[in-house]
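Here is the structure we will look at.
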Amino acid sequence: MSQSLAGKVIIITGASSGIGAATARALSRLGCCVALAARSAEKLHALADELGPAAIAVPTDITSGPAVANLIARTRERFGRIDVLFANAGIYVPGQLAEGDPDILARVVDVNVNGLVRCVHAVLPHMIAQGCGDILITSSISGHVDLAWEPVYSASKHAVQGLVHTLRRQLLPHGIRVCSIAPGMVANELWGITQPEEIEKRVAAHSALRCEDIVDAVVFILSRPPHVNVREIVMIAQREDL
Ligand SMILES: NC(=O)c1ccc[n+]([C@@H]2O[C@H](COP(=O)([O-])OP(=O)(O)OC[C@H]3O[C@@H](n4cnc5c(N)ncnc54)[C@H](OP(=O)(O)O)[C@@H]3O)[C@@H](O)[C@H]2O)c1
721 MSQSLAGKVI
731 IITGASSGIG
741 AATARALSRL
751 GCCVALAARS
761 AEKLHALADE
771 LGPAAIAVPT
781 DITSGPAVAN
791 LIARTRERFG
801 RIDVLFANAG
811 IYVPGQLAEG
821 DPDILARVVD
831 VNVNGLVRCV
841 HAVLPHMIAQ
851 GCGDILITSS
861 ISGHVDLAWE
871 PVYSASKHAV
881 QGLVHTLRRQ
891 LLPHGIRVCS
901 IAPGMVANEL
911 WGITQPEEIE
921 KRVAAHSALR
931 CEDIVDAVVF
941 ILSRPPHVNV
951 REIVMIAQRE
961 DL
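In terms of my numbering, the numbers along the sequence shown are unbroken and rise by one, the last being 962.
Given below as structure tokens:
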């Protein structure tokens, strides 16, 4: 039996494109109040305008402590509480360590791991005080398998996996559920794929997922009744050989 999501207050990081934007649209249709976070202010404001008064845009770089604190404060100010953190923001940089720029590669860890830690840390006091909440984190299949062409991205998502599962156990007594979604390839902006025809071509070849496949998983997880704790959803395209 599922529970209604109407009225839930949900922070979505990485809401300016891809999975985050698609999730914001879907959750908004289900009656949720959404706080949209990412760095691209223009895209966030356009999305908030599209979604109406139950959406706010809070331009945020998750690697900045003050910016994350502002995101939490603005959300509470506008909606009075925070039911869900969908910690989804992330960046992808492929490439071998020997050839890559260490500063660019280290940025992957700054965003995917340290930025995530900042967001979770900032939201926890509020969820602990209210005795409930959901923290849903976008991980990756790269956190499960060793992909030779993306060592640092893969390391960042392995770290995310460690964080998710230790946090999940630590937060059980507080009534807070922690869960991850680990997708394989999603045809979207992360890969520079923006044209609908290109997305459909990859999906028809069973070599990539659509953002909407991940949205389905988000809605499934969040609409479980309180006694059900979904640990993780791993979802890859049918022909991904992983
Ligand atoms: N696409 C895939 O194949 C795939 C597969 C597995 C997992 N994932 C994961 O899915 C998540 C979402 O990615 P996506 O596929 O939807 O790609 P995307 O369209 O590139 O989305 C990434 C989002 O993260 C935001 N972001 C990046 N750096 C940020 C920062 N420092 N502070 C705040 N927001 C930041 C971006 O917005 P701004 O640039 O505006 O800040 C954007 O909204 C990521 O964690 C990614 O690792 C993706």
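C-beta atoms are modelled at their ideal positions from N, C-alpha and C, and glycine is treated no differently.
So the candidates are the options; which of them puts its Cα closest to the Cα of residue i?
{"i": "TRP966", "options": "ALA774, LEU887 and VAL813", "result": "Examination of residue 966 is not possible in this model, given that the chain is present from 721 through 962 alone."}
{"i": "ARG888", "options": "GLY912, ASN832, VAL923 and CYS852", "result": "CYS852"}
{"i": "LEU747", "options": "ILE731, SER760, SER737 and ALA761", "result": "ILE731"}
{"i": "THR733", "options": "GLY727, PHE799, THR780 and MET905", "result": "THR780"}
{"i": "MET905", "options": "ILE919, SER736, ASN834 and VAL880", "result": "ILE919"}
{"i": "ALA955", "options": "ILE934, ALA826, ARG944 and LEU767", "result": "Residue identity differs from the one stated: residue 955 is Met in this sequence, not Ala. Checked all of ILE934, ALA826, ARG944 and LEU767; the closest Cα to MET955 is ILE934."}
{"i": "ALA758", "options": "VAL948, ASN790 and VAL898", "result": "ASN790"}
{"i": "ALA766", "options": "ARG745, TRP911 and ARG930", "result": "ARG745"}
{"i": "ILE848", "options": "GLN890, ARG749 and SER859", "result": "GLN890"}
{"i": "LEU910", "options": "GLU917, ARG930 and GLU952", "result": "ARG930"}
{"i": "ALA793", "options": "ALA755, GLY882, ILE824 and LEU825", "result": "ALA755"}
{"i": "GLY772", "options": "GLU762, SER760, ALA761 and CYS753", "result": "CYS753"}
{"i": "PHE940", "options": "ALA928, LEU856 and ALA924", "result": "LEU856"}
{"i": "VAL829", "options": "VAL880, ALA761 and GLU819", "result": "VAL880"}
{"i": "GLY882", "options": "GLU952, PRO916 and ARG749", "result": "GLU952"}
{"i": "TYR873", "options": "ARG922, GLY820 and HIS841", "result": "GLY820"}
{"i": "GLU797", "options": "VAL948, ALA741, HIS846 and ALA826", "result": "HIS846"}
{"i": "VAL843", "options": "GLY785, PRO822, ARG827 and ALA826", "result": "GLY785"}
Would you mind giving the Cβ-Cβ distance between residue i and residue j, rounded to the nearest angstrom? I have them listed as a contact below 8 angstroms.
{"i": "THR743", "j": "VAL938", "result": "5 angstroms"}
{"i": "GLY810", "j": "THR858", "result": "6 angstroms"}
{"i": "ILE824", "j": "LEU962", "result": "Wrong, their Cβ atoms sit about 25 angstroms apart, outside the cutoff."}
How about residue i and residue j: do their beta carbons lie closer than 8 angstroms?
{"i": "ALA774", "j": "LEU764", "result": "no"}
{"i": "LEU836", "j": "PRO871", "result": "no"}
{"i": "GLY895", "j": "HIS878", "result": "no"}
{"i": "ASN832", "j": "SER900", "result": "no"}
{"i": "ALA807", "j": "CYS839", "result": "yes"}
{"i": "ALA735", "j": "GLY751", "result": "no"}
{"i": "SER722", "j": "ARG959", "result": "no"}
{"i": "VAL804", "j": "LEU942", "result": "yes"}
{"i": "HIS926", "j": "ALA902", "result": "no"}
{"i": "GLY800", "j": "ASN908", "result": "no"}
{"i": "THR783", "j": "ASN834", "result": "yes"}
{"i": "ASP866", "j": "ARG897", "result": "no"}
{"i": "ILE802", "j": "VAL729", "result": "yes"}
Got a sec, what are the start and stop residues for the beta strand (DSSP E) residue i sits in?
{"i": "GLY853", "result": "853-858"}
{"i": "ALA902", "result": "896-903"}
{"i": "ALA758", "result": "753-758"}
{"i": "VAL938", "result": "Run containing VAL938: none in the beta strand (DSSP E); it sits in the alpha helix (DSSP H), 931-942."}
{"i": "ILE776", "result": "775-779"}
{"i": "GLU952", "result": "952-955"}
How far does the alpha helix (DSSP H) with residue i in it reach, from first residue to last?
{"i": "ILE732", "result": "Unbroken run through ILE732 is the beta strand (DSSP E), 729-733; no alpha helix (DSSP H)."}
{"i": "ARG745", "result": "738-749"}
{"i": "ALA761", "result": "761-771"}
{"i": "VAL788", "result": "785-799"}
{"i": "GLU819", "result": "No alpha helix (DSSP H) holds GLU819; DSSP gives it neither H nor E."}
{"i": "MET847", "result": "836-850"}
{"i": "LEU805", "result": "Not the alpha helix (DSSP H): LEU805 falls in the beta strand (DSSP E), residues 804-807."}
{"i": "PRO698", "result": "With the chain running from 721 to 962 in the structure shown, residue 698 is simply not present."}
{"i": "ALA879", "result": "871-891"}
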